[in-house]
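Since the structure comes first, as C-alpha coordinates, the remarks are kept for the end.
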Amino acid sequence: MSLSSENSEMVKQQIRQNRLYKVLHKNLRIPPWVVRPFYSALKIAGSPTQYRLRKRLAQEIVATTKSQITIPDTDGYRLFGPGDIEGTDCIVRSCTEVYQKSREAFPPEYFQKHPHKKFLFPILEGAEFCRHPELLRLMVSRPILDAAAAYLGTVPKLSGARLCWSPENDTARSSQLFHFDYEDLRQVKVFINIFETKEDQGPLTFLPAAISQQVQRSIGRVLGRVQDERIYEGGGRNRELRLIGPPGSGAFLDTSRCLHYGSRFNRRDRLVLIIQFLNYFSSFRPTAPFNVPPDLPGFKPDRVQKLALGIH
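All residue numbers for the sequence shown refer to our numbering, where the first residue is 158 and numbers rise by one.
Put into C-alpha coordinates, the structure is as follows:
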(Lines of atoms letter the chains of each structure in order from A and count residues from 1; the text may use other names and numbers.)
(Lines give C-alpha, C1' and ligand atoms only; values in the text may rest on other atoms or scores of the structure.)
Protein backbone atom coordinates (compact mmCIF):
# COMPACT_ATOMS: atom_id res chain seq x y z
CA MET A 1 0.00 0.00 0.00
CA SER A 2 1.35 3.48 -0.88
CA LEU A 3 1.82 6.22 1.70
CA SER A 4 -1.00 8.30 0.18
CA SER A 5 -3.39 5.34 0.36
CA GLU A 6 -2.30 4.66 3.92
CA ASN A 7 -2.88 8.29 4.90
CA SER A 8 -6.48 8.28 3.64
CA GLU A 9 -7.09 4.93 5.28
CA MET A 10 -5.64 6.24 8.56
CA VAL A 11 -8.30 8.97 8.66
CA LYS A 12 -11.01 6.30 8.56
CA GLN A 13 -9.15 4.17 11.07
CA GLN A 14 -8.76 7.13 13.41
CA ILE A 15 -12.53 7.49 13.63
CA ARG A 16 -12.97 3.79 14.40
CA GLN A 17 -10.10 3.76 16.89
CA ASN A 18 -11.40 6.84 18.70
CA ARG A 19 -14.65 4.98 19.27
CA LEU A 20 -12.74 1.96 20.55
CA TYR A 21 -10.61 4.14 22.83
CA LYS A 22 -13.77 5.71 24.27
CA VAL A 23 -15.24 2.27 25.01
CA LEU A 24 -12.06 0.89 26.61
CA HIS A 25 -10.95 3.93 28.58
CA LYS A 26 -14.02 6.09 29.16
CA ASN A 27 -16.73 3.45 29.44
CA LEU A 28 -14.87 0.42 30.83
CA ARG A 29 -12.39 2.64 32.74
CA ILE A 30 -9.34 0.65 31.69
CA PRO A 31 -6.27 2.77 32.65
CA PRO A 32 -4.71 4.74 29.76
CA TRP A 33 -1.26 3.14 30.19
CA VAL A 34 -2.93 -0.21 29.49
CA VAL A 35 -5.07 1.00 26.58
CA ARG A 36 -2.48 3.07 24.74
CA PRO A 37 0.03 0.34 23.74
CA PHE A 38 -2.84 -1.75 22.38
CA TYR A 39 -4.25 1.27 20.59
CA SER A 40 -0.84 2.11 19.07
CA ALA A 41 -0.43 -1.48 17.82
CA LEU A 42 -3.72 -1.14 15.93
CA LYS A 43 -2.47 2.03 14.25
CA ILE A 44 0.80 0.36 13.23
CA ALA A 45 -1.07 -2.60 11.76
CA GLY A 46 -3.05 -0.19 9.61
CA SER A 47 0.01 1.69 8.30
CA PRO A 48 2.95 -0.73 7.98
CA THR A 49 4.66 1.28 5.21
CA GLN A 50 4.65 4.44 7.32
CA TYR A 51 5.94 2.47 10.30
CA ARG A 52 8.84 0.92 8.37
CA LEU A 53 9.78 4.22 6.71
CA ARG A 54 10.04 6.09 9.99
CA LYS A 55 12.07 3.28 11.60
CA ARG A 56 14.45 3.10 8.63
CA LEU A 57 15.06 6.85 8.53
CA ALA A 58 15.76 6.89 12.27
CA GLN A 59 18.31 4.11 11.80
CA GLU A 60 19.97 6.12 9.03
CA ILE A 61 20.13 9.16 11.31
CA VAL A 62 21.91 7.15 13.99
CA ALA A 63 24.33 5.64 11.46
CA THR A 64 25.21 8.74 9.44
CA THR A 65 24.71 11.90 11.49
CA LYS A 66 27.94 13.40 12.81
CA SER A 67 28.20 15.33 16.10
CA GLN A 68 24.75 14.04 16.96
CA ILE A 69 23.16 15.02 20.25
CA THR A 70 22.42 11.80 22.08
CA ILE A 71 19.98 11.22 24.92
CA PRO A 72 21.34 8.38 27.07
CA ASP A 73 18.66 5.75 27.51
CA THR A 74 19.58 5.04 31.13
CA ASP A 75 19.29 8.71 32.07
CA GLY A 76 16.35 9.72 29.88
CA TYR A 77 17.65 13.27 29.58
CA ARG A 78 20.35 15.41 28.00
CA LEU A 79 21.25 18.94 29.07
CA PHE A 80 22.52 21.53 26.60
CA GLY A 81 23.96 25.04 26.73
CA PRO A 82 23.12 28.15 24.68
CA GLY A 83 25.66 27.40 21.95
CA ASP A 84 25.19 23.64 21.70
CA ILE A 85 22.30 23.72 19.22
CA GLU A 86 22.42 26.04 16.24
CA GLY A 87 19.50 28.45 16.20
CA THR A 88 18.70 28.60 19.91
CA ASP A 89 19.69 32.28 19.95
CA CYS A 90 17.04 32.93 17.28
CA ILE A 91 14.50 30.91 19.26
CA VAL A 92 15.21 33.03 22.35
CA ARG A 93 14.88 36.25 20.36
CA SER A 94 11.62 35.22 18.64
CA CYS A 95 10.03 33.92 21.85
CA THR A 96 11.00 37.06 23.75
CA GLU A 97 9.31 39.23 21.10
CA VAL A 98 6.15 37.10 21.24
CA TYR A 99 6.15 37.33 25.04
CA GLN A 100 6.55 41.10 25.08
CA LYS A 101 3.70 41.62 22.62
CA SER A 102 1.52 39.18 24.53
CA ARG A 103 2.13 40.86 27.88
CA GLU A 104 1.14 44.23 26.43
CA ALA A 105 -2.25 42.79 25.43
CA PHE A 106 -2.66 40.48 28.42
CA PRO A 107 -5.99 41.07 30.21
CA PRO A 108 -5.28 41.92 33.87
CA GLU A 109 -8.40 40.05 35.00
CA TYR A 110 -7.26 36.75 33.44
CA PHE A 111 -6.06 35.09 36.65
CA GLN A 112 -9.22 36.13 38.49
CA LYS A 113 -11.26 34.28 35.84
CA HIS A 114 -8.84 31.31 35.68
CA PRO A 115 -7.56 30.78 39.24
CA HIS A 116 -6.36 27.23 38.44
CA LYS A 117 -3.81 28.65 35.98
CA LYS A 118 -2.10 31.11 38.25
CA PHE A 119 1.30 29.43 37.96
CA LEU A 120 1.48 28.64 34.23
CA PHE A 121 0.05 30.35 31.17
CA PRO A 122 0.60 29.24 27.53
CA ILE A 123 1.29 32.35 25.48
CA LEU A 124 1.63 30.37 22.26
CA GLU A 125 0.32 26.85 21.72
CA GLY A 126 -0.12 24.23 19.00
CA ALA A 127 -1.10 25.49 15.55
CA GLU A 128 -0.57 29.09 16.71
CA PHE A 129 3.13 28.50 15.98
CA CYS A 130 2.24 28.42 12.26
CA ARG A 131 1.93 32.20 12.50
CA HIS A 132 5.66 32.18 13.29
CA PRO A 133 7.20 29.96 10.58
CA GLU A 134 10.73 31.03 11.47
CA LEU A 135 10.17 29.68 14.98
CA LEU A 136 8.49 26.50 13.76
CA ARG A 137 11.42 25.86 11.42
CA LEU A 138 13.89 26.09 14.29
CA MET A 139 11.77 23.81 16.49
CA VAL A 140 12.17 20.99 13.96
CA SER A 141 15.77 21.81 13.06
CA ARG A 142 17.67 18.64 12.33
CA PRO A 143 19.84 18.66 15.49
CA ILE A 144 16.68 18.72 17.64
CA LEU A 145 14.66 16.35 15.49
CA ASP A 146 17.52 13.89 15.00
CA ALA A 147 18.10 13.65 18.76
CA ALA A 148 14.43 12.81 19.31
CA ALA A 149 14.39 10.30 16.43
CA ALA A 150 17.52 8.52 17.67
CA TYR A 151 16.14 8.21 21.20
CA LEU A 152 12.67 7.05 20.16
CA GLY A 153 13.96 4.78 17.38
CA THR A 154 11.59 6.31 14.83
CA VAL A 155 10.99 9.65 13.14
CA PRO A 156 8.48 11.13 15.59
CA LYS A 157 5.68 13.60 15.14
CA LEU A 158 5.79 17.10 16.53
CA SER A 159 2.75 16.57 18.71
CA GLY A 160 2.79 19.71 20.79
CA ALA A 161 4.55 22.95 21.62
CA ARG A 162 3.93 25.70 24.13
CA LEU A 163 5.61 28.95 24.99
CA CYS A 164 4.83 29.14 28.70
CA TRP A 165 4.97 32.10 31.02
CA SER A 166 5.25 31.11 34.67
CA PRO A 167 4.60 34.17 36.88
CA GLU A 168 5.27 34.68 40.57
CA ASN A 169 3.31 32.26 42.72
CA ASP A 170 3.26 30.65 46.15
CA THR A 171 1.63 27.34 45.27
CA ALA A 172 2.65 23.67 45.07
CA ARG A 173 -0.14 21.75 43.36
CA SER A 174 -1.02 20.00 40.10
CA SER A 175 2.05 19.91 37.81
CA GLN A 176 4.02 21.73 40.53
CA LEU A 177 4.26 18.30 42.23
CA PHE A 178 6.29 15.28 41.12
CA HIS A 179 4.59 13.32 38.34
CA PHE A 180 5.09 11.41 35.11
CA ASP A 181 3.49 12.33 31.79
CA TYR A 182 1.38 9.51 30.40
CA GLU A 183 0.99 10.44 26.73
CA ASP A 184 3.07 7.38 25.83
CA LEU A 185 5.57 4.93 27.30
CA ARG A 186 8.41 7.10 25.96
CA GLN A 187 8.55 10.63 24.62
CA VAL A 188 10.91 13.56 24.21
CA LYS A 189 10.15 17.03 25.46
CA VAL A 190 12.61 19.80 24.72
CA PHE A 191 12.68 22.58 27.33
CA ILE A 192 14.45 25.80 26.31
CA ASN A 193 14.94 28.60 28.83
CA ILE A 194 13.98 31.88 27.17
CA PHE A 195 14.82 33.97 30.23
CA GLU A 196 17.86 33.37 32.37
CA THR A 197 16.51 30.92 34.92
CA LYS A 198 17.67 30.63 38.52
CA GLU A 199 16.61 28.67 41.60
CA ASP A 200 13.98 31.24 42.65
CA GLN A 201 12.13 31.11 39.32
CA GLY A 202 10.50 27.70 39.70
CA PRO A 203 12.79 25.86 37.26
CA LEU A 204 11.93 22.48 35.77
CA THR A 205 13.07 19.94 38.37
CA PHE A 206 13.41 16.24 37.59
CA LEU A 207 14.89 12.89 38.55
CA PRO A 208 16.83 10.85 35.96
CA ALA A 209 15.00 7.84 34.54
CA ALA A 210 17.05 5.30 36.51
CA ILE A 211 16.37 7.10 39.80
CA SER A 212 12.68 7.46 38.92
CA GLN A 213 12.51 3.73 38.28
CA GLN A 214 14.23 3.06 41.60
CA VAL A 215 11.67 5.24 43.38
CA GLN A 216 8.82 3.27 41.81
CA ARG A 217 10.37 -0.04 42.81
CA SER A 218 10.46 1.23 46.37
CA ILE A 219 7.08 2.94 46.80
CA GLY A 220 5.03 1.38 44.00
CA ARG A 221 3.69 2.80 40.77
CA VAL A 222 3.49 6.59 40.81
CA LEU A 223 0.05 7.71 39.67
CA GLY A 224 -0.95 11.34 39.44
CA ARG A 225 0.80 13.98 41.53
CA VAL A 226 2.96 12.94 44.48
CA GLN A 227 4.32 14.93 47.42
CA ASP A 228 8.09 15.32 47.78
CA GLU A 229 8.35 13.28 50.96
CA ARG A 230 6.83 10.25 49.28
CA ILE A 231 9.40 10.49 46.48
CA TYR A 232 12.19 10.97 49.02
CA GLU A 233 11.07 7.83 50.86
CA GLY A 234 11.78 5.94 47.65
CA GLY A 235 15.34 7.25 47.33
CA GLY A 236 14.82 10.48 45.41
CA ARG A 237 16.12 12.85 48.08
CA ASN A 238 18.98 15.08 46.87
CA ARG A 239 18.91 13.40 43.45
CA GLU A 240 16.93 16.15 41.70
CA LEU A 241 18.33 18.11 38.77
CA ARG A 242 17.14 21.67 38.11
CA LEU A 243 17.08 23.29 34.70
CA ILE A 244 18.77 26.56 35.57
CA GLY A 245 20.95 28.54 33.22
CA PRO A 246 21.17 31.40 30.73
CA PRO A 247 18.77 32.03 27.83
CA GLY A 248 19.10 29.23 25.27
CA SER A 249 20.06 26.58 27.82
CA GLY A 250 17.76 23.61 28.20
CA ALA A 251 17.20 19.88 28.19
CA PHE A 252 15.86 16.97 26.22
CA LEU A 253 13.74 15.05 28.74
CA ASP A 254 11.67 11.89 28.59
CA THR A 255 8.87 13.03 30.86
CA SER A 256 7.21 9.61 30.63
CA ARG A 257 10.19 8.02 32.40
CA CYS A 258 11.55 10.89 34.52
CA LEU A 259 9.62 12.17 37.52
CA HIS A 260 9.44 15.95 37.29
CA TYR A 261 7.71 19.17 38.33
CA GLY A 262 8.05 22.89 37.64
CA SER A 263 6.82 26.44 38.27
CA ARG A 264 6.79 25.95 42.05
CA PHE A 265 7.11 28.96 44.39
CA ASN A 266 8.37 31.36 41.72
CA ARG A 267 9.74 34.59 43.12
CA ARG A 268 10.28 35.93 39.59
CA ASP A 269 8.82 35.27 36.15
CA ARG A 270 10.06 32.36 34.05
CA LEU A 271 9.59 31.89 30.31
CA VAL A 272 10.20 28.50 28.71
CA LEU A 273 9.57 26.93 25.31
CA ILE A 274 8.38 23.32 25.49
CA ILE A 275 8.48 21.14 22.36
CA GLN A 276 6.96 17.66 22.44
CA PHE A 277 7.86 14.72 20.18
CA LEU A 278 5.88 11.47 20.29
CA ASN A 279 5.93 8.27 18.30
CA TYR A 280 3.80 8.85 15.19
CA PHE A 281 1.62 5.91 16.22
CA SER A 282 1.05 7.14 19.75
CA SER A 283 -2.57 7.01 20.85
CA PHE A 284 -2.33 10.41 22.55
CA ARG A 285 -4.65 13.04 21.15
CA PRO A 286 -3.35 16.56 21.87
CA THR A 287 -5.70 19.31 23.02
CA ALA A 288 -3.93 21.84 20.76
CA PRO A 289 -2.88 19.82 17.69
CA PHE A 290 -0.67 20.96 14.85
CA ASN A 291 -2.18 21.33 11.39
CA VAL A 292 0.83 22.61 9.48
CA PRO A 293 0.18 23.90 5.94
CA PRO A 294 2.57 22.60 3.26
CA ASP A 295 3.57 26.10 2.09
CA LEU A 296 4.87 27.98 5.11
CA PRO A 297 6.76 31.07 3.85
CA GLY A 298 10.53 30.81 4.08
CA PHE A 299 10.48 27.18 5.16
CA LYS A 300 11.32 24.27 2.88
CA PRO A 301 11.31 21.18 5.10
CA ASP A 302 13.25 18.08 4.11
CA ARG A 303 11.74 14.60 4.14
CA VAL A 304 12.34 13.94 7.83
CA GLN A 305 10.93 17.33 8.82
CA LYS A 306 7.84 16.77 6.67
CA LEU A 307 7.21 13.48 8.43
CA ALA A 308 7.57 15.19 11.82
CA LEU A 309 5.18 17.96 10.81
CA GLY A 310 2.65 15.66 9.14
CA ILE A 311 3.11 17.32 5.74
CA HIS A 312 2.43 14.94 2.86
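We put the beta carbon where it would ideally sit given N, CA and C, even for glycine.
- Contact check between the segment 282-300 and the segment 452-468: three or more CB pairs, one atom from each, fall below 8 Å, which counts as touching.
- Pairing Phe447 with Thr245, the inter-Cα distance amounts to about 21 Å.
- The alpha-carbon of Pro239 is positioned some 35 Å away from that of Arg387.
- Looking at Pro194, Arg186, Ile187, Gly203, the one whose alpha-carbon comes closest to that of Glu340 is Pro194.
- For Gln216, the closest C-alpha among the options Ser197, Arg288, Ala307, Ala408 is that of Ala307.
- Using a Cβ distance threshold of 8 Å, Ala329 and Gln433 do not count as a contacting pair.
- Thr227 and Arg235 have their C-alpha atoms some 7 Å from each other.
- For Tyr234, DSSP records a beta bridge to Leu410.
- Looking at the DSSP output, Pro443 shares a beta bridge with no other residue.
- Only residues of its own chain outside the window of five on either side were considered, and among them His289, Glu291, Leu292 have a CB closer than 7 Å to the CB of Ser251, listed in chain order.
- Beta bridge pairing from DSSP links Ala318 with Ile432.
- One thing to note: Leu281 has its Cβ no nearer than 8 Å to the Cβ of Ser420.
- Assignment of Phe456 by DSSP, reduced to helix, strand and coil, places it in the coil class.
- A distance below 7 Å between beta-carbons, with the five flanking residues on each side excluded, links Asp327 to the following residues of its chain, in chain order: Phe422.
- DSSP, reduced to helix, strand and coil, places Asn448 outside both helices and strands of the structure shown, so it counts as coil.
- For the beta strand (DSSP E) assignment, the uninterrupted runs of no fewer than 3 residues enclosed by the segment 276-348 are, from N- to C-terminal side, 278-282, 314-323.
- Residue range 366-376 is occupied by the alpha helix (DSSP H) that includes Ile376.
- In the structure shown, Thr362 adopts extended strand secondary structure according to DSSP, grouped into three states.
- Only residues of its own chain outside the window of five on either side were considered, and among them Ile368, Gln371, Val372, Ser375 have a CB closer than 8 Å to the CB of Gly392, listed in chain order.
- The straight-line gap separating the alpha-carbon atoms of Ser204 and Gly467 is approximately 14 Å.
- For Pro205, the uninterrupted alpha helix (DSSP H) segment begins and ends at 205-221.
- In the three-state reduction of the DSSP assignment, Thr253 falls in the helix class, which pools H, G and I.
- Here Pro264 is actually not in contact with Asp426; their C-beta atoms are around 17 Å apart, not less than 8 Å.
- Residue Cys287 holds the alpha-carbon nearest to the alpha-carbon of Gly455 among Arg186, Gln207, Glu261, Cys287.
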